[in-house]
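Report on the following structure.
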Amino acid sequence: MSKQVFKPNKEFSKNARIKNMCEYQDLQDFAAEDYEGFWGSYAKEKLEWIEPFTNVLDESNAPFVKWFDGGKLNVSSQCIDRHLDSRKNKAAIIFEGDRGDKQIITYLELYYNVNKLANLLKEDFGVQKGDRVVIYMPMIPEAAYAMLACARIGAIHSIVFGGFSSEALKDRIEDAEAKVVITADGAYRKTKPYMLKPVVDAAIDENSPVKKVLVVERNNEDVTWVAGRDYSYNELIKNKSGVCEPEVMDAEDPLFLLYTSGSTGKPKGVQHNSAGYILWAQMTMEWVFDVKENDTYWCTADVGWITGHTYIVYGPLAMGATTVMFEGVITHPDAGRPWKMVEEHRINQFYTAPTAIRVLHKMGEHEPAKYDLSSLKVLGTVGEPIDPPAWKWYYEEVGASKCAIVDTYWQTETGGHVVSPLPGATPIKAGCATLPLPGIMAEILDPATGELAEPGETGYMCITRPWPSQIRGVWGDPERYIKSYFGDVKKDGKAVYFTGDGARYDEDGYITITGRTDDVINVSGHRMGTAEVEAAIKKHPNVAEVAVVGKPHDIKGEGIFAYIVLKSDKGVADEVEEVKAINKVIQKEIGNIALCDDMVFAPGLPKTRSGKIMRRILRAIAKGEEITQDISTLEDPSIVETISTMVNK
Ligand code: WT7
């Protein structure tokens, strides 16, 4: 029953920041005995304060909490200025373009580039502290400059992933009331240019809060310029000063918003604030990846997701590391691309998603052996549970059975890792996120009693004390913040943070994440609300009703499965055409990432007599499982049989 355990590499442990489980336990004990002392001492040690904080944690208005109150700092200074004495000529960002073009940006160059853009935003666009700026960008260094320039002048950035459609972009612009969008004409994918600017154009109408659009000319394809609104970054940046005094920010001033899907309604703007976020971004970079001064670290995420925020830009730069940014597709020109990059850049830490590992495994099982991967020390995964075959391949073929695999569990709302192995200390098991990081009170609770779940029993993954990088609010909707995260589980009568994930302990107290307990599906490591996909599909005029569920998928982890009831007078004349038409609507409303893997045109949906759709039954049917639950109370029990037959035919 007990899984195989892999001990940390001895040589590695010797020089690791946390060297063994005793050191881990000491840190755990420190946090348990003196929570504020623990966090206060790290905040003093790791951050450079313009003014010191006077209070570590203020819980008087919980779940609205304040960390490091009274303290003043600037996050862009944390990431740049404080490294200039010792690392001005060190590579901050190593960029590799889709077509293999390369660029190295030193810390000093980063300083000038960020300051110029900060000055541009202030002087030419009138951006002020507290204003929202939407960033809709490809994976190019300018995306990082844009984030840091906002942080420098105290503007709140909200990055929208470049795969989202104009409708999705528009919703996010309007919810945040952003006055500026920073974008690019487009970029390159599989050596061909693709476009972003037209999507921005379609997202802005005369009622839009957006007044100015800054366009980085990356692929120099033709785009439309709206006079008085659109400006070329490449032109305006030329005569900007490279010096821009950082805005003095309160510890709790917002740093950014990032929209993410929930189980109901529209995506919510997860708000992260300055000091607590950057502290934990830096600490987890140091502990979980154990990046050393001369190392080169590569995270393959996109800056449009939280992983790109914390572990491409903020975390690595806060600790003064060298971070690789990659514009391209990891399977292009072939599945050897990432390994070629590891060899060429001598990458020491490599961080990616299980979906990517499955694709690379499937498309190029023996590709890693063709390259020199001996520089690798730590391999990371994030976004979804990793299945044992993918884990084994990653461990043996990529890591030569000598690299630690850190299966990092966290989410947009946690800001940084919360449950993860420490590469020099934690004995690991395949597919297991192992133990809470020091200072994070992550516990699996029985939702009915609030007690710790018994080993082997699935419970709710909770965090029972506030932590510095936690979500501070849902933009514009304080009620939703409380309802979404503090409504489900109580421990000792007090509402605690619930992640939305199920999890269980094994006999060693190790944590395995079992997946979402709500109507959120995890497609290729990205969160997708079933309600959002349903709302998009309903926009098609022929659709009467729809229910969306997740279904296990070989590569993506979960695929999107839609049960669709068409309006009776329409019928299904041509199924192929109907699927195409509905996918088109999804593409328009959300983007390609939400396209359905399966669509079934059903005559009706299983509902209770009060009209509630029984998604649990639909999930079981999609998986081809036998229906064991009582269906006699359904409005029309026969529909279950009918749909099952359609799906299994
Ligand atoms: C959801 C968060 C965290 C950055 C990328 C996704 C799932 C995340 C793991 C893991 C099992 C994981 C959870 C979580 N998840 N990491 N190591 N093992 N599941 O961020 O879009 O906010 O999604 O991803 O379900 O709640 P996100």
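The sequence shown: position 423 = 422 (numbering that gives the first Met the number 0), numbered continuously. C-beta atoms are modelled at their ideal positions from N, C-alpha and C, and glycine is treated no differently. Here the structure is a predicted model, which is why all the values come from computation and not from measurement.
query, result
"Check whether the Cβ atoms of A561 and V545 lie closer than 8 Å to each other.", "yes"
"Which residues bound the beta strand (DSSP E) around A280?", "Per DSSP, A280 belongs to no beta strand (DSSP E); it is in the alpha helix (DSSP H), S273 to T283."
"Can you tell me which of D507, D252 and E285 puts its alpha carbon nearest to the alpha carbon of K71?", "D252"
"Using 8 Å as the limit for Cβ to Cβ distance, is H308 near chain D?", "Annotation note: the requested chain D is absent from the structure, which comprises a single protein chain."
"Just the C-alpha distance for M0 and H156, rounded to the nearest angstrom, thanks.", "With a pLDDT of only 42 at M0, under 50, the local geometry of the prediction cannot be trusted, and the value read off the model is given with reservation. Roughly 47 Å between the two C-alpha positions."
"Which same chain residues end up closer than 6 Å to V312 when comparing Cβ atoms and leaving out the 5 residues on each side of it in sequence?", "A143 and M146"
"Report yes or no: do the stretch 279-295 and the stretch 312-323 share at least 3 C-beta pairs separated by less than 8 Å?", "yes"
"Would you list, in sequence order, the uninterrupted alpha helix (DSSP H) runs of no fewer than 4 residues that lie entirely inside the stretch 124-175?", "140-152 and 165-175"
"According to the Cβ coordinates, are V639 and G603 closer than 8 Å?", "no"
"Taking the CB atoms as reference points, tell me whether S260 and E588 lie closer together than 8 Å.", "no"
"Secondary structure at E251, three-state DSSP: helix, strand or coil?", "coil"
"Does ligand 1 have even one heavy atom less than 7 Å from the beta-carbon of A334?", "no"
"Are V132 and I181 closer than 8 Å when you measure CB to CB?", "yes"
"Using a Cβ-based criterion (distance less than 7 Å to any ligand heavy atom), does W279 qualify as near ligand 1?", "no"
"Would a C-beta distance cut-off of 8 Å place G475 and D174 closer than the cut-off?", "yes"
"I'd like to confirm the pairing. Which residues does DSSP put opposite R526 in its beta bridges?", "N521"
"Should A429 be counted as a contact of ligand 1 given a C-beta to heavy atom distance under 7 Å?", "no"
"Going by C-alpha to C-alpha distance, which of W224, F52, Y504 and K191 sits closest to I203?", "W224"
"Give me the DSSP bridge partner(s) of A546.", "Y562"
"Assuming contact is defined by CB atoms lying nearer than 8 Å, are L168 and Y135 in contact in what I supplied?", "yes"
"Whole angstroms is fine: what's the gap from K2's alpha carbon to T511's?", "12 Å"
"For the beta strand (DSSP E) holding I443, just list the boundary residues, first then last.", "A441 to L444"
"Cβ of A432 versus every heavy atom of ligand 1: is any distance shorter than 7 Å?", "yes"
"Taking the alpha helix (DSSP H) that I626 falls in, what are its first and last residues?", "I626 -> no alpha helix (DSSP H), and no H or E assigned at all."
"Under 7 Å from any heavy atom of ligand 1, does the C-beta of T516 make it?", "no"
"How is P454 classed by DSSP in three states: helix, strand or coil?", "coil"
"Can you find a heavy atom of ligand 1 that lies under 7 Å from the Cβ of R151?", "no"
"In chain order, which alpha helix (DSSP H) runs of at least 4 residues are fully inside the stretch 375-439?", "387-392"
"Which residues mark the beginning and the end of the alpha helix (DSSP H) in which R336 is found?", "R336 to H344"
"With a threshold of 16 other CB atoms inside 10 Å of the CB of P7, please say whether the residue is buried or exposed.", "buried"
"By Cβ distance, which residues of its chain are closer than 7 Å to P636, with the 5 residues on each side in sequence left out?", "I630"
"Using only alpha-carbon positions, find the residue among G264, M598 and G610 that is nearest to I642.", "M598"
"Return the bridge partner residues of V215 from the DSSP annotation.", "A183"
"Only counting the same chain, and skipping five residues up and downstream in sequence, which positions put a Cβ closer than 7 Å to that of Y34?", "R464"
"Just verifying my parser: in three-state terms, what is the DSSP assignment at K6?", "coil"
"Between the stretch 205-217 and the stretch 351-364, can you find at least three pairs of beta-carbon atoms closer than 8 Å?", "no"
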